[in-house]
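Take 0 as the starting number for the sequence shown in numbering that gives the first Met the number 0 and just add one per residue.
Virtual Cβ for every residue (Gly too), placed ideally from N, Cα, C.
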Amino acid sequence: MIVTIDGVAASGKSSVSSGVAQALGVPYVSSGLLYRAATLLGLEASLDLHAAPGLLALLGAHPVRLEPLAGGNRVWQGERELTDDLHSSRVDRGVSVVAALPEVREWVDAQLRALPEPFVAEGRDMGTNVFPHASHKFYLTASARIRAERRARERPEDVPAIEAALQRRDELDTVQSAPAPDALVIDTGPLDLQGVIDTILTRLH
Ligand SMILES: Nc1ncnc2c1ncn2[C@@H]1O[C@H](COP(=O)(O)OP(=O)(O)O)[C@@H](O)[C@H]1O
Ligand SMILES: Nc1ccn([C@H]2C[C@H](O)[C@@H](COP(=O)(O)OP(=O)(O)O)O2)c(=O)n1
């Protein structure tokens with residue numbers, strides 16, 4: 000069984016997926032972390048983030064591994080854990096450019112499709128492109144202001160700066176962010192985290 004939870008930036012995808020996965024007793028898979036890892040490593044190597052060949056060579060030479068767990072995903076490059084470095088504002092700013100590269104998308108998709116079922120997969124195109132056959136599909140939204148207020152609790156910047164950055168990323172990610180036609184769209188604005196998780200769990204029973 001595969002459940003997909005897609006949505007815009009900071010709409011609650013990873014927190015909701017973790018809650019749903021824990022209730023089901025399965026892992027969740029955070030696809031965005033692989034795009035973030037490619038971005039972090041490209042930045043650290045001072046690569047041009049618009050150029051796929053250099054990034055792919057780097058990822059080929061030093062493979063990155065996603066460890067999906069119900070409580071939280073971890074990302075490794077060999078023995079080095081990248082997880083804590085993936086949510087900086089620098090990675091936030093660069094990741095949409097990297098995620099627009101078809102070669103990087105293929106690199107991510109191949110890793111995701113190799114994972115053993117069952118799991119909850121979250122990202123942008125889990126229900127459309129990567130797992131179109133998933134049994135249950137959801138898409139989370141909320142206004143940019145509400146998302147910025149939530150994310151401001153996790154970032155040093157103020158709400159208006161975060162809101163502007165989220166809107167910029169929404170625009171850059173538009174191509175791969177359309178909801179699947181068979182996804183249930185949930186506006187998380189009026190709901191708390193548990194409310195969103197319960198809405199999804201109700202549909203799974
Ligand atoms: N429905 C909600 N109500 C209140 N806070 C939420 C809700 N959903 C998510 N959050 C909070 O918003 C922040 C962003 O959520 P996160 O799961 O990281 O989103 P995403 O994976 O879409 O970027 C987190 O601090 C999370 O706890
Ligand atoms: N399946 C996916 C997942 C993420 N991405 C891209 C788009 C996002 O800007 C970045 C980071 O995604 P992530 O879900 O980690 O972070 P946000 O919720 O957007 O803050 O990766 C994508 O293109 N396709």
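Give the single residue among the options whose Cα lies nearest to the Cα of residue i.
i: SER13; options: LEU200, LEU192, VAL174 and ASP197; result: LEU192
i: GLY77; options: ARG89, ARG149, HIS61 and LEU171; result: HIS61
i: VAL129; options: GLU148, GLY31, LEU111 and THR201; result: LEU111
i: LEU58; options: LEU40, ALA22, GLY71 and ALA69; result: LEU40
i: GLY70; options: SER45, ASP84, GLY122 and SER16; result: SER16
i: TYR27; options: LEU114, GLY188 and LEU165; result: LEU114
i: GLY31; options: ALA44, VAL96 and GLY24; result: VAL96
i: SER29; options: VAL2, LEU48 and PRO52; result: VAL2
i: HIS86; options: ARG202, ALA151 and LEU171; result: ALA151
i: ALA143; options: ALA177, PRO131, ALA160 and HIS135; result: ALA160
i: GLY24; options: MET0, ASP84, LEU46 and LEU190; result: MET0
i: SER176; options: GLY93, LEU54, HIS204 and ARG123; result: ARG123
i: LEU190; options: ARG167, SER134, ARG149 and HIS204; result: ARG149
For residue i, which residues in the same chain have their Cβ closer than 6 Å to its Cβ, ignoring the five residues on either side in sequence?
i: THR127; result: ALA179
i: VAL19; result: VAL119, ILE196 and ILE199
i: VAL63; result: ALA36 and GLN76
i: ASP91; result: none
Where do the ends of the beta strand (DSSP E) carrying residue i lie?
i: SER29; result: 27-29
i: LEU183; result: 183-186
i: VAL7; result: Segment: none, VAL7 is in no beta strand (DSSP E) and carries neither H nor E.
i: LEU65; result: 63-66
i: VAL119; result: 118-122
Residues in its own chain within less than 7 Å of residue i by CB, not counting five upstream and five downstream?
i: ARG73; result: GLU66, GLU80 and THR82
i: ALA44; result: LEU57
i: GLY188; result: ALA141, SER142 and ILE145
i: GLY53; result: LEU46 and ASP47
i: ASP84; result: LEU39
Quick one: Cα of residue i to Cα of residue j, how far?
i: ALA50; j: TYR34; result: 14 Å
i: ALA98; j: ASP169; result: 12 Å
i: SER68; j: ALA37; result: Note on identity: in this sequence residue 68 is Leu, with Ser being the wrong assignment. Between LEU68 and ALA37, the C-alpha separation is close to 20 Å.
i: ALA147; j: VAL158; result: 6 Å
i: VAL174; j: GLN21; result: 31 Å
i: LEU42; j: GLU116; result: 33 Å
i: VAL107; j: ALA56; result: 14 Å
i: MET125; j: GLU153; result: 25 Å
i: ILE4; j: ALA163; result: 24 Å
i: ASP172; j: ALA182; result: 18 Å
i: HIS135; j: LEU165; result: 27 Å
i: ARG206; j: ALA109; result: Lying outside 0 to 204, the shown extent of the chain, residue 206 is not represented and no answer is given.
Provide the residue span of the alpha helix (DSSP H) that contains residue i, from first to last.
i: VAL90; result: 88-98
i: VAL129; result: Where VAL129 is concerned, there is no enclosing alpha helix (DSSP H), given that its DSSP letter is neither H nor E.
i: ASP197; result: 192-203
i: ARG146; result: 143-150
i: GLN76; result: It is not in any alpha helix (DSSP H) - GLN76 instead sits in the beta strand (DSSP E) that spans 73-76.
i: GLY53; result: 51-60
i: ALA164; result: 158-171
Leaving out five residues before and five after residue i in sequence, what residues of the same chain have Cβ atoms less than 8 Å from its Cβ?
i: ILE185; result: PHE137, TYR138, LEU139, THR140, VAL195, THR198 and ILE199
i: PRO155; result: SER88
i: GLY93; result: THR38, GLY41, LEU42 and LEU48
i: ALA133; result: ILE1, VAL2, THR3, ALA120, MET125 and GLY126
i: PRO131; result: ALA179
Hey, does residue i have any beta-carbon neighbour from chain C nearer than 9 Å?
i: TRP75; result: As a matter of chain content, chain C is missing from the structure shown, which is built from one protein chain.
Check: Is the number of C-beta pairs between the stretch 100-111 and the stretch 3-20 that are closer than 8 Å three or more?
Finding: no
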